[in-house]
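Taking it in order: structure first as structure tokens, then the write-up.
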Amino acid sequence: MSKDKGSSTGSSTRVASFEIHHTRFLDHNGEVTGELPEFTRDSANLISLYRAMVRTRIFDKKAVALQRTGQLGTFASSLGQEASFVGIGSAMRTEDVLLPTYRESGAMFIRGVTMTELLLYWGGDERGMDYAGPREDFPICVPIATHLPHAVGVAYAMKLRRQPRVAVCTLGDGATSKGDFYEALNMAGAWQLPVVFVVCNNEWAISVPRRAQTHAQTLAQKAIAGEIEGEQVDGNDVIAVRHCVSRAIEKARSGDGPSLIEALSYRMSDHTTADDASRYRAKEELEKQAINDPITRLNTYLIGNNLLTEKDREALEAECAAEVEAAAKEYLATPPPPSKAMFDYLYETLPASLVAQREFATKRGSGNA
Amino acid sequence: MSKDKGSSTGSSTRVASFEIHHTRFLDHNGEVTGELPEFTRDSANLISLYRAMVRTRIFDKKAVALQRTGQLGTFASSLGQEASFVGIGSAMRTEDVLLPTYRESGAMFIRGVTMTELLLYWGGDERGMDYAGPREDFPICVPIATHLPHAVGVAYAMKLRRQPRVAVCTLGDGATSKGDFYEALNMAGAWQLPVVFVVCNNEWAISVPRRAQTHAQTLAQKAIAGEIEGEQVDGNDVIAVRHCVSRAIEKARSGDGPSLIEALSYRMSDHTTADDASRYRAKEELEKQAINDPITRLNTYLIGNNLLTEKDREALEAECAAEVEAAAKEYLATPPPPSKAMFDYLYETLPASLVAQREFATKRGSGNA
Amino acid sequence: MPEVSLVEAVNLALAHEMQADESVVVLGEDVGVNGGVFRATAGLQERFGKERVMDTPLAETLIAGMSVGLAAQGFKAVPEIQFMGFIYPTIDQILNHAARLRYRTRGRMTCPMVLRAPFGGGIHAPEHHSESTEAIFAHIPGLRVVIPSSPSRAYGLLLAAIRDPDPVIFLEPKRIYRLVKQQVPDDGEALPLDVCFTLREGADVTVVTWGAMTHETMMAADQLAEEGISAEVIDVATLKPLDMDTILESVAKTGRCVIVHEAARTAGMGAEIAAQLAEHSLLTLLAPVQRVAGYDTVMPLYRLENEYMPDTARIVEAAKNTMEMS
Amino acid sequence: MPEVSLVEAVNLALAHEMQADESVVVLGEDVGVNGGVFRATAGLQERFGKERVMDTPLAETLIAGMSVGLAAQGFKAVPEIQFMGFIYPTIDQILNHAARLRYRTRGRMTCPMVLRAPFGGGIHAPEHHSESTEAIFAHIPGLRVVIPSSPSRAYGLLLAAIRDPDPVIFLEPKRIYRLVKQQVPDDGEALPLDVCFTLREGADVTVVTWGAMTHETMMAADQLAEEGISAEVIDVATLKPLDMDTILESVAKTGRCVIVHEAARTAGMGAEIAAQLAEHSLLTLLAPVQRVAGYDTVMPLYRLENEYMPDTARIVEAAKNTMEMS
Ligand SMILES: Cc1ncc(C[n+]2csc(CCOP(=O)(O)OP(=O)(O)O)c2C)c(N)n1
Ligand SMILES: Cc1ncc(C[n+]2csc(CCOP(=O)(O)OP(=O)(O)O)c2C)c(N)n1
Ligand SMILES: [Mg+2]
Ligand SMILES: [Mg+2]
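Protein chains in written order, with my numbering: chain A, 147 to 515; chain B, 147 to 515; chain C, 3 to 328; chain D, 3 to 328.
Structure follows, in structure tokens:
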């Protein structure tokens, strides 16, 4: 986003102007379209991004399979958006805080959330939100856009403590229609807070296409409402996502204010396993999107530049698959919590008036205690 | 607001750009700064705007006096903002619908709300919202920005019925921080609804200055978030307000979509009679603003151009004062509603379960029945 | 006549009223092309067009607020909130505007809208998708709160709600959206609002309930019957305004009462009913009124949801308690 | 020691705790330079700076939501909502997040915040400024709802609320913000949450109330005493979780109970108390419990507000009713 002032004609004067830019490094054929950022020089970085995307996709497939066989509740697939989520996760430092919605498995894994934890969550068990790894990361947020104000509060806390940390908050295209989004954006701008919002635009909010959410040409331009930095990035180009998100995070870390990044991608799956996208989405549209697959794109580049061999890739896939299987096994072996768990952690100390309810529930419980 | 596309450099491409303009015709000395709009050629139009501003100010003074003497509840003065409110009211057609907040006396009077009605409202009597004149105009809205979604609904209704009507919705600078504002704006854009939002920026939201509400350089640019037309106007120049609001209304009426207009003015009074602005606002700031008085501005122009004489002005003021006094008298003579009025109009038909409550309240009432 | 489920009956009523009354407008997230995530609005957009069956942006405050605007202009807005867990951003509009537009303007403006939302647990849904917070709305003056518990009541009550000149919160127990099917003639016959329905007559104990819990309660009544206890079952249906007369009459007969709801116990609607029973029937009650309700905890994720929700066994036990104590 | 009013006691407690605990942060509209529209935060920004006493943009959802974020990061956020009529946009954040952050994350994250708001009628305020909707919050699992009724209780309870590790809705009866003054030593002594306060002992009838109504009730108790009726007065103070034991003990002694609140009657917190009384004391109650409450109508504009709110006369009458009926 850039701006300038001035210029007057008769009774009308131009008082402000703004621009929105879009960044991409790899096109959908894996061809380089501009000078690659620094971090790509070390091919280990690229392989690690590649692995993270593959891992996410294999997990995704397993989760859907578990759901289809009645072993998991509703699940939100990230198929097609792996570059966005992996790019975001990889741009963060450990001490930053991620505030995700529900589709960002790829980002959460990089943050250290375990696959077992994620399966427990979707499997109807609160223990899946007690992350052993990133203790300060927020759990999945289902009520759309309600975590954006949290991100602002987290960023405010960091600012108050003069910590060089950043809150990174992801949301969908649909979420940009909620007032919470705008209130958070506006506050982040007003106080120049260290927060980066990433809109993971996958073109759909359940059955509502992006163009029906808003007349805005870009979602990035919504940043202008709060005068914060706003830009678009190719969300299927993991290099571009990591680059732009990194840049915004480091800007925020240096005290130079918040940003909004729109990552353009596409939801290749149904909205969730409870949805049937064929009801509202033309098969042709989905087919046309296949060429944008973010994993294929990086794969083409890596193979084409001899940074990865077919054999490496197979090994990498096998490792990821093994990890996913192990997590699924661990998840399936986890017994349900006891009935009385409904009263644990409700308050720090259970109020006297609820003790009898807990006893009753424990007594009546299905014997999980 | 204007936009264009294109231009690419390396990995980054410009995808959108926007501008915000500001309009004024009379500067604070009453000097013409650009070619005056058509409607000013008939001086009767200008006199009528002048009268409406004077009338509003005299009413305002009376209302404050009534409050100070314990004869009226809390009142929100429009001192200094008369040009904005009168400009808005005068730009509307009878069949349009006004959705105001609480400070727009000047607009409401033009719409046909009576002074007595307004006094009854501030005097704690719901009958002050049963406007005999503009039956479809919304009553005063106290919960900030909650009437913006109503405006969208009203505009949607007009669109559904293919009526050439427009919803005009006014709000303050503080209101632009609420999510409701943005949700309404976004929907108005998405469906290209016949609605015009006018932000009456008086630089303060109670004690919070405009710059603390948002980092945005202009409030007009918030329109970009919903890709609707956004512009600034000098809110102390009644000609400019009327011109810009008219233009936006007629655009909306022709089906060419919604607009957001920011009218720049200043709150010369306390926030309300319950407030004491000297606690948070420097006396000097207030004094500096005196030169922007919108009534003086038009008066200077009218006198300077021989469109009004001192005598005319005095007569006009006397007429307005008489009208205000008559309304005050009528207000003060209105007996309070009976206790049972608490149950009138709660539902179309009072549910059986409430009949006993109504009887009880009537029996216990202070005898107003 | 084919049999329909509760959610199909909702659809039938919507279609009927949209056909009969041009001023009825449906709006919400995914209600159009997708026909609603539960298919409650399936086919409506095809039949009545994109303007009368509107896919809105994802913004609940807006959905409620623009319904107020539509209603004020003489439309009958029927907004859908996708799940009750996402209804809270509408409370400001409902409480501060919809419920008092008529009151504030002394009848000049009115707000005939029906805000529909599926609610309650039992379908292994994700987080925030299983709550029951009807009591919040039942406390707000100027509203009606209506909860159907069968296909035919869904049809008749929804018609009545849409025709009602005042705002109605219409909560649909999604657990029983497809549980049973009934023959529901699409005859446009509305059922009365503001009255309870007696689903089963009995002599020993009155069980008062609503929504999905009517089914657990009917099963409990069967079990009780086997044990020689005759339970009268009342479906409150309209929680606000509350038809206490029907409940009082029943309890005057049975002398005992159990109130069953899925929502958290404290300050739930069961409290109001119990309080009124105590006020009016203190001397005729043979045993203290029992409330069988959700615990005062957060509705747990689905592995524990069945532990949270009242079930047949708890209802039977409570009814027996009232028998023993007297 | 100078005497302070209730609102000054709020200010005293805020200042004390901000001084004692660096993690306490105050935020809201006009809380900084202006010191709050009721002066509850007067002087705090001067003393503790603009970052710890923050004038926020005009956005209630944000205020509540960012408090959750601050709390999760170990701050104790004390947001102010300017009037209870503007609290509704916070319910989503309070219900879906603040009240369950600890629960959801199994204790990994917590939400120690105190959302303050003035509430209630009686000061001839503008529209939407006089409502009492505490019951909405009392229904939400995971919350505390605290209402002080005197300067010393405001001081002690607010300290306790800020120190509490879980979210608290702290509602201040603005009608009595300046009604009485008391000596309140600024000694940092908190009062216990989760317990009722017995303001006056009596033998014949228990009157249970909270907030501004304690004053009407105390006056009613004086009048009753003149007529030979000895009323025990209980200030509930913490509405959730509810200390029913104190109420039950009192009613076990008196056999009669009147519950007084300003909020609308239906599904108000009085219903919960009455329901529990009926559950536990059915056989010892000498008369039906009486509720003296606001009507189930919209809180009227100020010309009728005194007709709406319970007053001494209504309380006296209700107490006498309980005496006659037994
Ligand atoms: C406040 C709220 N309203 C409605 C829903 C139901 N819902 C779940 S996901 C979704 C669409 C979200 O779309 P988007 O923000 O684009 O994210 P995506 O799922 O595409 O990643 C909706 C409407 C919700 N979870 N929260
Ligand atoms: C939702 C809401 N929050 C808070 C308030 C209290 N309040 C009344 S006016 C006001 C400031 C409004 O400022 P602005 O929008 O600039 O309008 P102005 O009064 O300056 O015309 C506030 C905070 C309110 N009425 N509604
Ligand atoms: Mg999306
Ligand atoms: Mg202002």
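For each residue, glycine too, the CB sits at the ideal point set by N, CA and C.
- As for any beta strand (DSSP E) of minimum length 3 sitting wholly inside the segment 269-317 of chain D, the runs are 292-296, ordered along the chain.
- Contact check for B/A303 against C/G71 passes: the beta carbons are separated by less than 8 Å.
- The beta-carbon of C/N323 is placed no less than 8 Å from the nearest beta-carbon of chain D.
- Neighbours of C/S69 in chain B, taken as residues at a C-beta separation under 7 Å, are given in chain order as G299.
- By the criterion of a C-beta distance shorter than 7 Å, A/S323 is surrounded in its chain by Q359, T360, once the five residues flanking it on both sides are discounted.
- Within the segment 336-369 of chain A, those residues whose Cβ lies closer than 9 Å to any Cβ of chain B are, in chain order, A336, W337, Q338, R357, A358, Q359, T360, H361, A362, Q363, T364, A366, Q367, K368, A369.
- Nearest CB-CB separation between D/N98 and chain C: below the 8 Å threshold.
- Contiguous alpha helix (DSSP H) elements confined to the segment 142-166 of chain D occur at 153-165, taking only those with 4 or more residues.
- Using beta-carbon distances, A/S499 counts as an interface residue toward chain D, with a partner under 8 Å.
- Given a length threshold of 3 residues, each whole run of the beta strand (DSSP E) inside the segment 231-311 of chain B is given here in chain order: 243-245.
- For A/R413, the Cβ falls inside the 7 Å cut-off from some heavy atom of ligand 3.
- When rounded, the separation of the alpha-carbon atoms in A/Q338 and A/Q435 is 37 Å.
- A distance below 6 Å between beta-carbons, with the five flanking residues on each side excluded, links C/E174 to the following residues of its chain, in chain order: P120.
- Note on A/I437: under 16 other CB atoms within 10 angstroms of its CB, so exposed under the neighbour-count rule.
- Residues of chain B whose Cβ lies closer than 7 Å to the Cβ of A/N332 are, in chain order, S323, T360.
- Membership of D/I138 in the alpha helix (DSSP H) is indicated by the continuous run 136-140.
- Using beta-carbon distances, B/L492 counts as an interface residue toward chain D, with a partner under 8 Å.
- Look at the beta carbons and you see the segment 181-199 of chain D touching the segment 240-253 of chain D: at least three pairs across the two are nearer than 8 Å.
- When the Cα atoms are used, D/T211 and D/E228 turn out to be separated by approximately 21 Å.
- A/N332 has its Cβ no nearer than 7 Å to any heavy atom of ligand 4.
- B/Q435 has its Cβ no nearer than 7 Å to any heavy atom of ligand 2.
- For D/S132, the three-state secondary structure derived from DSSP is coil.
- Beta-bridge partners assigned by DSSP to D/H263: D/A295.
- For A/A198, there is no enclosing beta strand (DSSP E); the enclosing alpha helix (DSSP H) has its first and last residue at 189-214.
- It is roughly 14 Å from the alpha-carbon of B/T316 to the alpha-carbon of B/A301.
- Apart from sequence neighbours up to five positions away, the residues of its chain that approach A/F343 with a beta-carbon distance below 6 Å are C315, L406, ordered along the chain.
- The Cβ-Cβ distance between D/V170 and D/V186 does not fall below 8 Å.
- At a cut-off of 8 Å between beta-carbon atoms, D/I93 makes contact with chain C.
- Annotated as distal: A/G235 and A/R249, with beta-carbon spacing of 8 Å or more.
- Beta-bridge annotation (DSSP): C/M111 is not paired with any residue.
- Shortest gap from the CB of D/D94 to any heavy atom of ligand 2: 7 Å or more.
- Residues of chain D whose Cβ lies closer than 9 Å to the Cβ of B/Y277 do not exist; the shortest such Cβ separation is about 15 Å.
- Only Y297, D298, T299, V300, P302, L303, Y304, R305, L306, E307, N308 from the segment 292-308 of chain C bring a Cβ to less than 8 Å from some Cβ of chain A.
- Taking A/R356 as the centre and dropping the five residues before and after it, the same chain places the C-beta of D319, E349 closer than 6 Å to its C-beta, in chain order.
- Using a Cβ distance threshold of 8 Å, C/L16 and A/I290 do not count as a contacting pair.
- Counting other Cβ atoms within 10 Å of its Cβ, B/K457 stays below 16 and is therefore classed as exposed.
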